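Chemist:
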Amino acid sequence: MGLTSHGNVMVGNKAFEYYNERNPEDYIQIPWDEVDYIAAEVLRGTKKITRFAIFTKDNGHFTFSTRDDKETLRAVRKYVDEDKLVRSPDFIDVTAKGAKSIPSVIKNLFHKGN
2 MGLTSHGNVM VGNKAFEYYN ERNPEDYIQI PWDEVDYIAA EVLRGTKKIT
52 RFAIFTKDNG HFTFSTRDDK ETLRAVRKYV DEDKLVRSPD FIDVTAKGAK
102 SIPSVIKNLF HKGN
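For the sequence shown, the positions run 2 to 115 when our numbering is used.
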């Protein structure tokens, strides 16, 4: 797949499938047993899901956005355990975590090792 590709998503009982009708070589099939977890990007203050990424055990991750991401993930939930469906950290979460780690980074800079 290229950087952006428009196509169709199918949620089947054995796999998650994406395919492009215009380019038959542009497809991916991810069997459910290869899914490590799925992270959804949820807008802060709303429950709108803008996109989601499927992280596989061996082949990295793939990001998707459908017309109705929430409905797509509801269909996926039938085949993937709830604990594998997670909320992706947003900009504020990442920034806050980084800010909280600054004191320990500074402390480690001046810590003498034995």
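By construction, the Cβ of each residue, glycine as well, lies at the ideal position given by its N, Cα and C atoms. All figures in this text were calculated on a predicted structure; none of them were measured in a lab.
#1: Confirm, please, whether the CB-CB distance from Trp-33 to Ala-54 is below 9 angstroms.
#2: Considering only residues of the same chain and omitting the five flanking positions on each side of Met-44, which have a CB-CB separation below 7 angstroms?
#3: Considering Glu-35, what are the terminal residues of the beta strand (DSSP E) in which it resides?
#4: Kindly indicate the opening and closing residues of the alpha helix (DSSP H) around Thr-5.
#5: In terms of residue numbering, what span does the alpha helix (DSSP H) encompassing Arg-75 cover?
#6: Flag this pair as yes or no: are the beta carbons of Lys-71 and Lys-49 separated by less than 9 angstroms?
Modeler: From the atom records:
#1: No, Cβ-Cβ distance for Ala-54 and Trp-33 is not below 9 angstroms.
#2: Contrary to the premise, residue 44 reads as Leu rather than Met in this sequence. Cβ neighbours of Leu-44 beyond the five flanking positions: Thr-51.
#3: That residue, Glu-35, is in no beta strand (DSSP E); it is neither H nor E in DSSP.
#4: Per DSSP, Thr-5 belongs to no alpha helix (DSSP H) and is neither H nor E.
#5: Note, Arg-75: alpha helix (DSSP H), 70-77.
#6: yes
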